[in-house]
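Note that our numbering numbers the sequence shown so that position 304 is 314, with each residue one more than the last.
The next block holds one structure in the form of structure tokens; read it before the comments.
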Amino acid sequence: KLGIILAVAGSAVGLGNFLRFPVQAVQNGGGAFMIPYFISFLLLGIPLMWIEWAVGRYGGLFGHGSAPFILSRLHNHRIIKYLGTIGIFGPIVIFIYYTYIESWLLGYAFFAITGRLLAAATPESMQAFLLTYQGLAPGSNLLTAYLFFLITFALNIIILYRGVKGGIELLCKIALPVLFIFGFIILIRVLTLPNVTAGLGYLWNPDFSVLWSAKVWLAAAGQILFTLSVGIGVILTYASYLKRGDDVVLSGLTAASTNELAEVVLGGSIVIPAAFIFFGLAGATAAANSGAFNLGFVTMPLIFSQIPFGQFFALLWFGLLFLAGLTSSVSLVEPAIAFVADEFKLERKKAVLRLGLVLFLLCQLPIFFLGQGVVDELDFWGGTFCLVLFGLIETILFVWVFGIDKAWEEMHHGAELRIPNFYRPIIKYVTPAFLFFILGFWFLQQGWPVVMMHGVSQTLVPYVLATRLGLIALFIGIALLVRKAWYANK
11 KLGIILAVAG SAVGLGNFLR FPVQAVQNGG GAFMIPYFIS FLLLGIPLMW
61 IEWAVGRYGG LFGHGSAPFI LSRLHNHRII KYLGTIGIFG PIVIFIYYTY
111 IESWLLGYAF FAITGRLLAA ATPESMQAFL LTYQGLAPGS NLLTAYLFFL
161 ITFALNIIIL YRGVKGGIEL LCKIALPVLF IFGFIILIRV LTLPNVTAGL
211 GYLWNPDFSV LWSAKVWLAA AGQILFTLSV GIGVILTYAS YLKRGDDVVL
261 SGLTAASTNE LAEVVLGGSI VIPAAFIFFG LAGATAAANS GAFNLGFVTM
311 PLIFSQIPFG QFFALLWFGL LFLAGLTSSV SLVEPAIAFV ADEFKLERKK
361 AVLRLGLVLF LLCQLPIFFL GQGVVDELDF WGGTFCLVLF GLIETILFVW
411 VFGIDKAWEE MHHGAELRIP NFYRPIIKYV TPAFLFFILG FWFLQQGWPV
461 VMMHGVSQTL VPYVLATRLG LIALFIGIAL LVRKAWYANK
């Protein structure tokens with residue numbers, strides 16, 4: 011049980027904790043952002059955690075480890091398996107680009123050791139270094155980045171090949187403690203910098219006027235979904251490995267709390283405060299608005315270049331991020347492996363190798379078309395839209411179709427910790443309404459993203475359309491496999 015908790019926590023603790031969270035906080039009112047953030051955590055994140063742990067364990071009792079067949083146990087209708095397909099499709103889409111970005115961290119950790127990263131570091135040189143590494147600078151190539159991608163991808167497959175206990179669980183037992191040690195060492199160094207209170211105040215002092223903005227509440231809710239890895243399908247698969255009497259209430263709460271420790275304590279106290287101390291108000295604001303790539307790969311190396319033993323702290327920083335990315339990426343593939351192994355009665359190692367080949371081919375897209383907006387498209391559909399849609403689907407199925415009485419009983423079976431009674435109406439009414447509001451507001455705000463091209467330059471339209479058509483083809487392919495397995499098992 012401890013291994014599954016660590017695996018779920020490892021899936022949740024990822025790049026979003028250390029890069030996405032501080033940026034979201036700064037862009038949405040600083041300390042005021044934490045009000046809708048914690049409200050979303052209590053009304054959305056925790057209920058979804060409990061729902062997914064309970065639904066996953068329930069489906070596992072029937073020998074299912076993937077969303078289409080787990081959800082079908084809640085309501086036996088043929089359309090459910092296609093809705094559950096999102097729980098395989100979404101993680102695969104995220105893995106396609108996440109693994110490449112993860113490999114950058116390994117490369118940067120290597121260059122931090124060799125001293126090449128921090129040599130004569132200036133904003134211009136660090137930006138040029140990143141563009142050259144990505145193959146986007148004139149005359150540059152992808153040879154170095156591709157080498158580190160191959161190492162990273164192979165490491166993911168090796169861990170998955172070793173199984174849940176000998177691979178993923180072992181990784182998380184080692185990586186999570188090391189990750190936290192690295193994070194606290196960097197945090198202590200940041201807290202000992204001069205004028206650190208002003209740096210912390212920049213992030214945490216609230217601007218209460220922003221609380222009237224729906225955008226801030228949506229950003230907070232989206233961050234909770236993203237950071238807890240709920241609405242993806244990963245937790246369903248992990249929870250399916252539990253026994254009937256295992257406590258899903260305490261386990262879900264433990265995994266969520268571990269993630270929040272990493273995000274709020276570490277993620278909120280390292281990057282932005284350090285940027286404020288070294289670059290002032292204007293520089294820190296610019297760093298936050300420049301996005302996670304520039305923040306992690308440009309701003310932080312610049313900071314490390316200006317402190318004693320900066321090479322050592324740069325190694326810890328990129329090592330921390332790489333471990334966080336690795337524990338998340340292996341989890342993203344697990345739902346697909348469980349689906350192939352369980353429903354097609356295929357040995358796990360064969361399933362990993364066959365899926366590995368397919369995923370390797372799909373991963374070439376963000377590598378060679380990074381500058382054409384492919385990563386942004388994959389991130390929106392896999393890391394944003396699918397999360398909310400699938401979270402809404404599983405909540406409605408569990409609470410309304412399966413029934414709140416049966417759902418409440420299922421969550422408490424074997425529980426050492428009882429959920430407070432006031433959470434019953436929250437789970438039944440507030441959580442699905444919250445998700446429906448997020449989904450509806452996105453459509454109103456963005457238009458129908460399937461056909462609209464808001465914010466996309468004319469030169470990128472062909473690539474965006476090709477990416478969307480490719481995603482549709484991928485979803486249809488997975489749905490056909492689900493259909494084949496469904497009728498084979500019937």
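Ideal Cβ positions, reconstructed from N, Cα and C, are used throughout, including at glycine.
Remember, it's a predicted structure, so these values are computed and weren't measured experimentally.
Whole-angstrom distance between F390 and I242, CA atom to CA atom: Mapped onto the sequence shown, residue 242 falls at position 232. Mapped onto the sequence shown, residue 390 falls at position 380. Their Cα atoms are separated by approximately 13 Å.
Identify, in the order they occur along the chain, each residue of the same chain with its Cβ nearer than 8 Å to the Cβ of R254, setting aside the five sequence neighbours on each side. Residue numbering aside, residue 254 sits at position 244 when the sequence shown is read from its first letter. Excluding sequence neighbours, R254 sits near R67, L71, H423, G424.
Could you check whether the Cβ of F288 sits closer than 8 Å to any Cβ belonging to chain C? No chain C appears in the structure shown, which is made up of a single protein chain.
When the Cα atoms are used, what is the spatial distance from S150 to L141? As a first step, residue 150 must be located in the sequence shown, where it is residue number 140. As a first step, residue 141 must be located in the sequence shown, where it is residue number 131. Answer to the nearest angstrom: the Cα atoms are 8 Å apart.
Quick test of your reading: S76 and A348, contact by CB under 8 Å. State the CB separation rounded to the nearest angstrom. Mapped onto the sequence shown, residue 76 falls at position 66. Mapped onto the sequence shown, residue 348 falls at position 338. 5 Å between Cβ atoms; contact.
Return the chain-ordered list of same chain residues with a C-beta closer than 7 Å to the C-beta of Q144, the five sequence neighbours on each side being excluded. Here residue 144 refers to the residue found at position 134 of the sequence shown. So the qualifying residues of the chain are A155, L380.
Neighbour-count burial assignment, S338, 16 or more Cβ in a 10 Å radius: Counted from its first residue, the sequence shown places residue 338 at position 328. Answer is buried; the Cβ neighbour count reaches 16.
Start and end residues, alpha helix (DSSP H) containing R30: Within the sequence shown, numbered from 1, the residue matching residue 30 stands at position 20. No alpha helix (DSSP H) holds R30; DSSP gives it neither H nor E.
Quickly, what does DSSP pair G40 with across the bridge? List them, please. On the sequence shown, residue 40 is found 30 positions in, with the first residue counted as 1. P216.
In terms of alpha-carbon separation, which member of D256, L305, A292 lies closest to I280? Counted from its first residue, the sequence shown places residue 280 at position 270. Comparing Cα positions, the closest option is L305.
By DSSP, does A224 sit in helix, in strand, or in coil? Here residue 224 refers to the residue found at position 214 of the sequence shown. Three-state result, A224: helix.
Looking at the structure shown, is A131 part of a helix, part of a strand, or coil, going by DSSP? Position 121 of the sequence shown holds residue 131. The answer is coil: DSSP assigns A131 none of H, G, I, E or B.
Compute the distance between the beta-carbons of F323 and R434, then report whether it is under 8 Å. As a working mapping, residue 323 is identified with position 313 in the sequence shown. As a working mapping, residue 434 is identified with position 424 in the sequence shown. No; because the gap between Cβ atoms is not below 8 Å, this pair is not in contact.
Whole angstroms is fine: what's the gap from I98's alpha carbon to I104's? Here residue 98 refers to the residue found at position 88 of the sequence shown. Here residue 104 refers to the residue found at position 94 of the sequence shown. Cα-Cα distance, rounded: 11 Å.
If you draw a straight line from the alpha carbon of W452 to that of G125, how long is it in whole angstroms? The count along the sequence shown starts at 1 and reaches residue 452 at position 442. The count along the sequence shown starts at 1 and reaches residue 125 at position 115. About 44 Å.
C-alpha gap between I377 and Y118, whole angstroms: Taking the first residue of the sequence shown as 1, we reach residue 377 at position 367. Taking the first residue of the sequence shown as 1, we reach residue 118 at position 108. Distance between the alpha carbons of I377 and Y118: 17 Å.
Suppose contacts are defined by Cβ-Cβ distances below 8 Å. Is Y110 in contact with C373 by that definition? Position 100 of the sequence shown, counted from the first residue, corresponds to residue 110. Position 363 of the sequence shown, counted from the first residue, corresponds to residue 373. Yes, the pair counts as a contact, with Cβ atoms nearer than the cut-off.
Give me the residue from Y473, L445, L481 with the minimum Cα distance to G232. Translated into the one-based positions of the sequence shown, residue 232 becomes position 222. It is L445 whose Cα lies nearest to the Cα of G232.
By the DSSP assignment, the alpha helix (DSSP H) with Y156 in it spans what residues? By 1-based counting over the sequence shown, the position of residue 156 is 146. 153-171 is the extent of the alpha helix (DSSP H) around Y156.
Neighbour-count burial assignment, Y439, 16 or more Cβ in a 10 Å radius: As a first step, residue 439 is located in the sequence shown; it is residue number 429 there, counting from the start. Exposed.
With distance defined between alpha-carbon atoms, name the residue in L16, G94, L170 nearest to L369. Translated into the one-based positions of the sequence shown, residue 369 becomes position 359. Among L16, G94, L170, the Cα nearest to that of L369 is on L170.
Identity of the residue in K225, I436, F120, I49 nearest G450 by Cα: Translated into the one-based positions of the sequence shown, residue 450 becomes position 440. Ranking K225, I436, F120, I49 by Cα distance to G450 puts K225 first.
In the DSSP assignment, the alpha helix (DSSP H) including C182 goes from what residue to what residue? Within the sequence shown, residue 182 is the residue found at index 172, counting from 1. Counting along the chain, the alpha helix (DSSP H) containing C182 begins and ends at 180-201.
Taking the alpha-carbon positions, what's the G329 to F412 distance? By 1-based counting over the sequence shown, the position of residue 329 is 319. By 1-based counting over the sequence shown, the position of residue 412 is 402. When rounded, the distance between both Cα atoms is 44 Å.
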